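Each remark here refers to the structure printed beneath this line.
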Amino acid sequence: MSRWQKLIFITSLPLCASTLVYAFLLGLHYWQDRSEVLQREKERARLEVARVAKEIDIELRKLMPLTTSITDELSSGDLPKAQLLDRLKTTMDTNPELLGMGVAYAPLAYASDVRLYAPYYVKKEEELQLVEVDSLYDYTQPEYNWYHAPLANGPQWIEPHVGEIVDTRLVEFAAPFYRPDRESQGKIPAGVIHTSVSLDDIRGRIDSLELGESGYGFLLSKKGSFLVHPLVEEYVKGQKTIFDVAEARKDLVLRHMGEQAIRGERGVIENGVAASGQAIWIFYEPVPSTGWSVGGVFFTDQLPTHTKPFQRQLIRVALVCMAFLFFLAVLLISLLHESGTSLLWWGVVSTSVICAAGIAFVWYVTFTAPLESTFGIVSINKATLDKFIVANTRSALKKNVELPLYVPTGVFVQTLEFVGSNNVNMTGYIWQRYSNAIPPEVSRGIILPETVSADITEAYRRMEKNEEIIGWYVKATFRETFDYSHYPFDQQIFWLRVWHKDFYRNIILIPDFTSYKLANNSASHGLEMDFVLPGWTVNKTFFGYNANSYDVNFGLRDYSGAEGFPELYFNVILRRNIINPFFSNLLPITVAGFMVFGLLIINSKQSEQVGFLGFSAVNVLAGCAALFFVVILAQLDLRGKLSTEKILYIEYFYFVMYCAILIVTLNSILFGMTDRIKIIEYQDNLIPKLIYWPVILVILLTITLFVFY
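Read in our numbering, the sequence shown has 920 at position 399, and its numbers run on one by one without any break.
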């Protein structure tokens, strides 16, 4: 080992050790911060599911005393049969959350000449109606569990089912009442009192779960059947159980969770996997009064650990690790028993590989990160929509202005196509629901303010359940602002802003979430199933609002949207596919870099190499000139495709290559003209050859950090 190798070894050893310790400490700090955030978010989601489970339990427990108080009075004789209907009606009037309440007498229990008697009060279209169940069907048949189960086993919750009288899923609590048996001096069952609420009311509680933008809730019965789930047709109406889903997916973790849920246990599954393959947390809490379980699904890709501060922490850890690897490489190279030139080339290769790996790591962190800016658009989901409506209504009352009218609006995008840098062609459908509460003088129609040209054609109009539903087919060109500064690692947001036709009135468009299946964190809700946009991948879609203000009133004195009016946006977040830019931009510029390096390598005054390589400054100059034109034409072509005022990230590679071409050309000219510049003459132009790749890659790493950090 030479004196210089010993000196390098002694210097690099403490530096290697110190950077290793520093990298460990930074990594530990990152892990602790990340674990703290994960634990906080996990606890928040758990408490959210527990809150909804408690609310459902409190709401359903109210049904039990309402029912058992009547059965007790009937059994004791305190409530005469003649007053029973009035009592049922009074209970319904004083408890608006009830959907129905009735009595079902055992055969001949009401009167010796009346076989069956089962009056039932039910709410239909906000009116109370009395229905004689005994005239519709024989409820004593074995399939009517709501009647037989309480007679056999006492007061209990009945497994939710579709009502025979109202076409909706019911939650029922039923309890028996008795009459004295003179022969045995005991009592015999005389019938049941059954009280019902709509499962739609409970679904509203489940929808209020705040589990991120795409998280959702579900409700399991005591047998594991899905009572509430975003995929109503497949899971609820299909009467699937959680065990059916676990069996279909071969998911033992989900099956174990179902077994715990039906036993009334609470818990969390931290390593769950959605049908889409995404990592999820599943929380479940019991509803003690019914034996049900409330579940919540949280998609971990929405955790705050994917935000900019955590990305910067991770990049800092990577930079210190790079420093450690550099000093480790120097340490190991100093131990090699080779010539000085070979050691230098080993150092060049190590430095270049480390810098290239650092650049690639920053690319990876950037490419997998969520979109940083949504231009002020605040996302909204089913859980936050009700709060949004209440807040805007209160604001109108406080300002003493016209109360807002809310019009549910949906969007379905069939095709998108980028035309130039700022124009996007779009086809699809937009629909609106107008309830009877909206005055007829309110216009029916939409305006798309971002369009350059638009063809909006009414596609359908129909009445459904006191709502007028109107759909339009839209073929339009939108002109929007896109930020290409991170190209080719950029993400873009295409937004479709919708105004009501009477935009001057206080009419707020709200997302028609009832028309979407929002489970499984589907990136394509509101998009054609076979949606194709070459060069892009859909990251996600979401509805949102932006409180826009205008300095004009459009000539209308009563214009309502001048200050901070919430405008509805349907947003599509797109992530650029890296393959096409890699082959069309990154690969050619990399090849050009190696070719310039080749021109640098042939610089030599040794007779053998000159004869073999044919070095002359003129040839190098010609080669560099040719490469310069190739590179500049490639950049001009890129600029033509992406017309923007900002410098693109990829363009820094072109700028660095221009400098490399210029410096290599200047180096070759000076090397051929004079012997006086020692740094150029040293060992046949060795120094420029050694520093070529390390300098370029260090500059590119610095630029990458400047752009993405």
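We treat Cβ as the ideally placed atom computed from N, Cα and C, and that holds for glycine.
Quick caveat, the model's predicted, so the values are computed rather than measured.
For residue i, the three-state DSSP class (helix, strand or coil)
| i | result |
| --- | --- |
| D659 | coil |
| F820 | strand |
| G868 | helix |
| E680 | strand |
| P1109 | helix |
| G508 | Because the chain here runs from 522 to 1230, residue 508 falls outside it and cannot be looked at. |
| L1226 | helix |
| D1205 | coil |
| N1042 | Low local confidence applies: a pLDDT of 43 at N1042 is under 50, so the model's placement there is unreliable, with the coordinate-based value given in what follows. The answer is coil: DSSP assigns N1042 none of H, G, I, E or B. |
| H1021 | strand |
| F1075 | coil |
| V687 | coil |
| Y641 | strand |
| F1118 | helix |
| R726 | helix |
| M1178 | helix |
| R555 | helix |
| Y1037 | coil |
| L793 | Looking at the sequence itself, residue 793 is Gly, so the reference to Leu does not match. Note: G793 maps to strand in three-state DSSP. |
Per DSSP, the bridge partner or partners of residue i
| i | result |
| --- | --- |
| Y955 | E989 |
| N944 | V940, R1000 |
| V815 | L740, E806 |
| F1086 | N1069 |
| V995 | G949, I977 |
| S746 | T762 |
| P701 | K708 |
| S717 | G621, E693 |
| K1061 | I1094 |
| Y626 | G712 |
| Y927 | I1029 |
| A574 | Per DSSP, none; premise fails for A574. |
Cβ-based neighbour list, residue i, same chain, cut-off 6 Å, excluding 5 preceding and 5 following
| i | result |
| --- | --- |
| T887 | F1010, F1229 |
| I991 | Q953, R965, R982 |
| A1040 | In this prediction, A1040 has a pLDDT of 44, which is less than 50 and means its spatial position is unreliable; nothing more can be read from the coordinates. |
| A1068 | G1085, P1087 |
| F1192 | N1124, I1201, N1206 |
Beta-carbon proximity list for residue i, same chain, < 8 Å, skipping 5 on both sides
| i | result |
| --- | --- |
| I494 | The chain is shown from 522 up to 1230; residue 494 falls before or after that span and cannot be answered. |
| E768 | R776 |
| A632 | Y638 |
| L516 | Absent from the structure is residue 516, since the part of the chain shown begins at 522 and ends at 1230. |
| D614 | L649 |
Beta-carbon spacing of residue i, residue j below 8 Å
| i | j | result |
| --- | --- | --- |
| I951 | G931 | yes |
| T889 | L581 | no |
| T592 | F698 | yes |
| V1112 | C1145 | no |
| I910 | I1031 | yes |
| E685 | L657 | yes |
| R1018 | P970 | yes |
| S729 | L620 | no |
| A695 | I714 | yes |
| G793 | Y805 | no |
| L892 | Q1012 | yes |
| T826 | R555 | yes |
| T1186 | L1142 | yes |
| Y1008 | L1163 | yes |
| T1062 | N1092 | yes |
| G707 | G745 | no |
Below-8 Å beta-carbon distance, residue i vs any chain B residue
| i | result |
| --- | --- |
| N943 | Annotation note: the requested chain B is absent from the structure, which comprises a single protein chain. |
7 Å Cβ shell around residue i - same chain, five flanking residues per side excluded
| i | result |
| --- | --- |
| L534 | L852 |
| P467 | Nothing about residue 467 can be read from this structure; the chain reaches only from 522 to 1230. |
| C537 | F845, F848, L849, L852 |
| N1042 | Unreliable placement is indicated for N1042, whose pLDDT of 43 sits below 50; the coordinate value is still reported in the next sentence. Excluding residues within five positions, the ones whose Cβ falls inside 7 Å are S735, A795, S797, Q799, F820. |
| N1098 | G1056, W1057, T1058 |
| T1035 | none |
| R608 | I591, L600 |
| V883 | I836, T1225, L1226, F1229 |
| P671 | Q677, A695, A696, P697, V713 |
| V643 | L620, G621, Q650, V652, I686, V687 |
Are the stretch 760 to 767 and the stretch 836 to 856 in contact at 8 Å, needing three or more beta carbon pairs?
no
Do three or more CB pairs link the stretch 1205 to 1218 to the stretch 1136 to 1150 at distances below 8 Å?
Too few Cβ pairs lie closer than 8 Å, so no.
Please determine if the stretch 557 to 567 and the stretch 802 to 818 are in contact, where contact requires at least 3 C-beta pairs separated by less than 8 Å.
Touching, per the Cβ criterion.
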